[in-house]
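Same order as they appear, the protein sequences are chains P and A. Letter 20 of the first sequence, counting from 1, is numbered 24 in the numbering used here, and no numbers are missing. Letter 125 of the second sequence, counting from 1, is numbered 133 in the numbering used here, and no numbers are missing. This report concerns only the one structure given below.
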Amino acid sequence: MPMNAFGLAPLLLVFPLIGVLFNGLVGRRFIVANRNTGEKWSGWFASVMALSAFMVSVLLFLSLRSHEYHAEVVHLFDWLAIPSAGFRVPWAFQIDTLSVTMMLVVTGVGSLIHIYAIGYMHGDPNFSRFFAYLNLFLFFMLILVSGNNYLMLFVGWEGVGLCSFLLIGFWFDKVNEKGEPMNANAARKAFVANRVGDFAMILAMALTFWSFGSLEFEPVFSHALEMFESGEMVHFGLFSASLGSVLTAVTTLFLIGATGKSAQIPLYVWLPDAMAGPTPVSALIHAATMVTSGIYLIVRSNVLFEIVRASGATIFGIVSSPDLVAYIGAATALLAGLIAFTQFDIKKVLAYSTVSQLGFMIAAAGMGAYVAAMFHLITHAFFKALLFLGSGSVIHGMEHGHHHIHAHNHGKEVHGTPQGDTHHEEDNFDPQDMRTMGGLRYRMKTTFIVYMIGALALAGIVPLAGFWSKDEILAHGSEHNLIVYILLTIAAVCTAFYMGRQLKMVFFGEPRHEAAAHAEESPAVMTVPLMILATLAVLGGGLNLPFLSQGIAETYHEHPGGVFLGLEGWLEHSIAAFELTEEGVVHLPETPKVFSPGVAGISTILAVGALVLAFYVVYANKPKTAEEPDPLQSTPIWWFSVLPLNTLYMNYIVPGFNRLAQWLADKVDWAFWHDFFHDRIIRDTFVGFAHFAANILDLKGVDGMVNGAGSLAKRLANWIRQTQTGYARNYALSIFLGTVVLLAYFIFMAN
Amino acid sequence: MEFQVPSLNLLIVLPVLIVTGWGMLLMLAEFFIPEEKKSWAPWLTMLGLVLALIQTIGLWGYNGGTFTPKGGAPMVVVDNFATFLNIIFLLTGILTVLISIHYLRRTGLDRPEYYMLLLFSVSGMMLMGMANDLILVFLALELLSIPLYILSGFAWPRPDSEESAMKYFLLGAFSSSIFVFGIALTYGSTGTTSLPLVLERISDAGMLGLVATAMLIVGFAFKVAAAPFHMWTPDVYEGAPTTVTAFMSVGAKVGGFAAMLRVFVAALPQLGEAWVPAVAGVATLTLIVGNVVAIVQPNIKRMLAYSSIAHAGYIMIAVAASVNSPDGVSAALFYMLAYLFTNLGAFAVVIALEHKQGEGVMLDDYKGLGKRRPWLALAMAYFMLSLTGVPPTGGFSGKFYVFRAAIEADLLWLAIVGVITSVISGYYYLRVVYLMYMYDGEGEVVANRALVWTVGLTALATLVLGLLPGPWFDMARDAALQTVQMVAGG
């Protein structure tokens, strides 16, 4: 009997919780007592708790391996039970390859970000509060991925939403030029947008419970499958519906939930604003982990999606729900990729890029390429966390440079002042504006190298991690859904282009601001996690290498083992749809197992081309000063004299494209989604309803009733109180009368 | 007539013996402890209670009896029902000691008798849950009550304290006499006072049995402060030292219900058709009177007095449901566990605000507490929410189980009364929260370490019972099943 550590699963939650308690209760005292050692205690305690959770995840991983990858449910206790309604939800951990993969990513990347944040948050007045929130986030995220039922998943889902809200608004007292609390507003926006998705989640859970009588994954899936095989209908009291249409509703509601949490059309609007939070938060929550929970939800529910696909049920006869998932993902990938062109804030480029990459994953999951979706999720966690942390390092360096000038001008050194992403000075210097950067490759060598690796990985350059995972999605698309394939390929070109633009603007050329000229490299506590992540971004592709030729694939069939398709071999034990395909119950679109030179060649050529275009053509030696407009925005004269091709490009393609991008950014993104859809429809409806509830329903209706009842009760109370005379004889009389009444009643009963 | 020495198994009544013996030892030790070391008394008391608690927890799962006369049933039984209740009583005692230490010192009431009386009263309560014979029920009732009469008047020479002791004693004696009359009539109609034998014979007892039942209800209803036998409660609660009020509001009430559940569910279920509507009627009246009159109380001790009357009503619902629902008894037990923590926690906050004897007990003194002592105010707000029955609190879980038992027992209307009166109760509980957070005020707050610990622990316990009621309710269910089995076994 091999040893296993499944019993340790609850520790996953215990460690972060200890961290929350430590930093929430006493962390501040340490810091008040001694700023420097206090910060070390607070930060390292939280980091060690995160690392401990990572260790537990590793132990679970090893246990699963020695357990032949069989899923294990660790039952802790029955959480909610209403026996009469047959309602039972346990607090139990689902330990299978899928959840352990998520745990490893969450705790592994999370630990690195914790350590990085020790350096990044140095000097912040609310240092320990920050780490308490980070640990709390880990706690909820681990509930989300480890639960064996939808309700636990939902508890985590709401919990990470709460932490996201708290951390976006971490510097809630910051105001912009107009005096508006922008960070607090951004936090609120994220919260409201997520509520829409959460509402769909609640409906989906209610529907699931109603149809299958359980919220636990295993019983729901097996019950759904039984009903699918027997062709049974789902009965809702008086009427009944086919399983396909019920599951279409459930999966569509899941999709809406995922669009909220994973920032997809139409609910993506909150994620760019969420960059108001500290950069480690952007890396951890808004790039690597929380925003991927929508993908986890879809991959976890793969059986339901595949049944819908197999049953042929569609939404109003137009599109089936898995296809809708794929289209939404692909459209988001492209739209966000285009919008990223027009951004000047270093973190906003990454934010739109994240939206775009999440679109890739959602599209993959929608096409049935669950392994590819998870693969991209993992590699994306590596390189996007790397990029965000790298951008944090850049911002940190820029601020140092800015302090340097500032101190210089005032003739004194400034030490130990709090830093933040938007540290406001009188001159309105924005350390996140890429136009003020330039030439940082000399000042910040380490950051430059790792950032380069991250950017190339994201752009999909061989042999970095992003290449392999993106290629797998594209290869799947090229076989099963051409529209999605084309959209995603264009999105991949966009990715390479905006990353090239960013690299150029941040690290190359000459410094365009005094701050950039004096920028300083970040401390080791920040750069070491960057190096680890960079290593992962280089090697991550090895997790799921495709077979390089048909021949190797055939050899592999005879001699299993080796380096190929590791992730697929690992995940197929918990993505149930794989087994269903073998049994012939559903038809899971198969991801090509053999490397396809065509798809990879096209995407590589396009990616390199886009990088070269950005680097040597469009931004060749632009911009020179911080005030100079982006070359994409105006047509520079010198272009005309170089090449007719460039003239053509600049006269027609650039302005046209530019207008499209600008139109998408200004009209579709801001005017329509942000202002109209979000502000008018969602927010105003919400506010209107709140107004109605508060002023009409509550004040007039409920309060009126309550006040009426209250005054009635008061009158009654005063009347009864008259009997409370204070005389013992009256009290005795009351007892006596009570006895008489009781006796009379019993004697009456006897007769 | 032959005299028979009853068979004894003193080991299983050891917890009671420890508590009683400890009280006597303390009384003796009193002579030998020098004046300056008198401050040891509370901690010694606590030690005794903790020892008894450990012993009691060790008895969980034990099922047996002792003091068995020849050919009869044991007079004292130890089963999970009794053990569960004994845990409640001992926790009540421990928490009362914790909140008393500093309070007694600052109000000048620090006399060692206080703790001895407390111990004797606790031992009476414990016997209430273990008594399997009406005579023993009566003895336990008196053992529980007499120390309380003295404790109510402990703040002499303050007139309202003496008045409260006098009233409590007079009315207590009056209701005890009715109770004894009930026992006598039971003996008259069945020829026994042993509960298992009463069970066998009561169906043939006819009219006399019913009259006896009525009188037993009166005795218990007085003890648990159910309307219309409740009128002593506000006066006594207000006049007694606040720590005594806290102790009474939980201990005496749970003690009353302990014996009431045992007698009515274990011995008189066959008369259920007659007494269930009566108990339900008393519950309804209690709920209305308690919750409605509490609204107009300006004094928090009086308000909590009416609140405790109201809670007696909710437990009464469970008693009424216990004949026809398997979960009635366990709902009552769980409710009392939650009530123990919530109510003692709330009283601990009241004590923190009562900086001088009788001062700082008006509702207006709670104004601005949210700013002055945010944690204390948060705890108080949480206790108020629990008393109202808002999730996630122990109070909510308790009400949930009670109402569910009522619905199972076909007493839907009673559950509806319970829900409506719960809504009314929000009016006065939430006013405390409102006063704490919406106004400014300057009142003195005396919170020493033991008190803060009590508030924290009770709040935590209330939270645990609110978030994870399942395991504790399962325990209560084990405790309740045991009773029914004892009945079946005879």
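Cβ atoms here follow ideal geometry from the backbone N, Cα and C, with glycine treated the same way. Note that the coordinates shown come from a computational prediction; the quantities given were computed from them, not determined experimentally.
Can you list the residues of chain P that residue i reaches, using a CB-CB cut of under 7 Å?
| i | result |
| --- | --- |
| SER183(A) | ILE739 |
| VAL301(A) | ALA721, ILE724, ARG725 |
| ASP243(A) | GLY730 |
| TRP240(A) | TYR735 |
Kindly list, in the order they appear in chain A, the residues whose Cβ is closer than 9 Å to that of residue i.
| i | result |
| --- | --- |
| MET709(P) | What MET709(P) touches in chain A: nothing, since even the nearest Cβ is about 11 Å away. |
| ALA85(P) | GLY478 |
| GLY160(P) | Residues of chain A passing the Cβ test: none, with the nearest at roughly 16 Å. |
Can a CB atom of chain P be found closer than 8 Å to the CB of residue i?
| i | result |
| --- | --- |
| ASP373(A) | no |
| ALA139(A) | no |
| THR221(A) | yes |
| GLY478(A) | yes |
| TRP68(A) | no |
| MET344(A) | no |
| ALA286(A) | yes |
| PRO167(A) | no |
| VAL226(A) | yes |
Out of the options, point me to the one whose CA is closest to residue i's CA.
| i | options | result |
| --- | --- | --- |
| LEU22(A) | VAL219(A), ALA389(A), ILE65(A) | ILE65(A) |
| ALA275(A) | TYR195(A), MET54(A), MET124(A) | TYR195(A) |
| THR450(P) | GLU483(P), TYR489(P), ALA469(P), PHE511(P) | PHE511(P) |
| MET311(A) | ASN299(A), LEU293(A), ALA320(A) | ASN299(A) |
| ASP243(A) | ALA373(P), GLY742(P), THR729(P) | THR729(P) |
| VAL453(A) | THR241(A), LYS379(A), THR221(A), VAL472(A) | LYS379(A) |
| ALA789(P) | MET371(P), LYS508(P), ILE453(P), SER67(P) | Residue 789(P) lies beyond the range of chain P shown here (5 to 755); nothing can be said about it. |
Between which residues of its own chain and residue i is the CB-CB distance below 6 Å, once the five residues before and five after are set aside?
| i | result |
| --- | --- |
| PHE92(A) | LEU341, ALA487 |
| ALA85(P) | ARG92 |
| MET136(A) | ALA148, GLY263, ALA266, ALA267 |
| PHE97(P) | ALA13, VAL78, SER150 |
| ALA173(A) | TYR157, SER160, GLY161 |
| ALA355(P) | LEU275, PRO276, MET279 |
| GLN554(P) | VAL598 |
Tell me which residues share the same chain as residue i and place their Cβ nearer than 7 Å to its Cβ, disregarding the 5 neighbours each side in the sequence.
| i | result |
| --- | --- |
| ALA736(P) | none |
| LYS320(A) | Reading the sequence as shown, one finds Ala at residue 320(A) and not Lys. Within the same chain, ALA320(A) has close Cβ partners VAL232, ALA233, ALA234, LYS261, THR294. |
Residues of chain A with CB under 7 Å from residue i, in chain order?
| i | result |
| --- | --- |
| MET753(P) | LEU218, ALA282 |
| LEU80(P) | Chain A residues near LEU80(P): none, gap ~10 Å exceeds 7 Å. |
Is residue i close to chain A, meaning its C-beta is less than 8 Å from at least one C-beta of that chain?
| i | result |
| --- | --- |
| LEU229(P) | no |
| ALA717(P) | yes |
| GLY405(P) | no |
| LEU108(P) | no |
| GLY90(P) | no |
| LEU747(P) | yes |
| GLY714(P) | yes |
| GLY372(P) | no |
| THR743(P) | yes |
Which residues in chain P have a C-beta closer than 8 Å to the C-beta of residue i? List them in chain order.
| i | result |
| --- | --- |
| LYS175(A) | ALA732, TYR735 |
Give a yes or no on whether 8 Å exceeds the smallest Cβ distance from residue i to chain C.
| i | result |
| --- | --- |
| PHE750(P) | Given the protein chain composition of this structure (P and A), no chain C is represented. |
Consider the C-beta atom of residue i and the heavy atoms of the ligand NAP; say whether any pair is separated by less than 7 Å.
| i | result |
| --- | --- |
| SER183(A) | With respect to the ligand NAP, the structure offers nothing, as it holds no ligand at all. |
Inset, instruction - Determine contact between the region 333-348 of chain A and the region 469-489 of chain A, defined as no fewer than three beta-carbon pairs at a distance below 8 Å. - result: yes
Legend entry - Cβ contact check for the region 274-288 of chain P and the region 376-395 of chain P: 3 or more pairs under 8 Å: yes
Legend entry - the region 14-28 of chain P touching the region 135-147 of chain P, judged by at least three CB pairs closer than 8 Å: yes
Inset, instruction - Say whether the region 248-264 of chain P touches the region 322-338 of chain P, bearing in mind that this needs 3 or more beta-carbon pairs closer than 8 Å, one atom from each stretch. - result: yes
Legend entry - the region 526-534 of chain P touching the region 105-121 of chain P, judged by at least three CB pairs closer than 8 Å: yes
Inset, instruction - Could you say if the region 323-333 of chain A and the region 421-441 of chain A meet the contact criterion of at least three C-beta pairs nearer than 8 Å? - result: yes
Legend entry - the region 503-522 of chain P touching the region 438-445 of chain P, judged by at least three CB pairs closer than 8 Å: yes
Inset, instruction - Please confirm if the region 17-32 of chain A is in contact with the region 52-62 of chain A, defined as three or more CB-CB distances below 8 Å between the two stretches. - result: yes
Legend entry - Stretch pair the region 489-497 of chain P + the region 394-412 of chain P: three plus CB contacts closer than 8 Å: no
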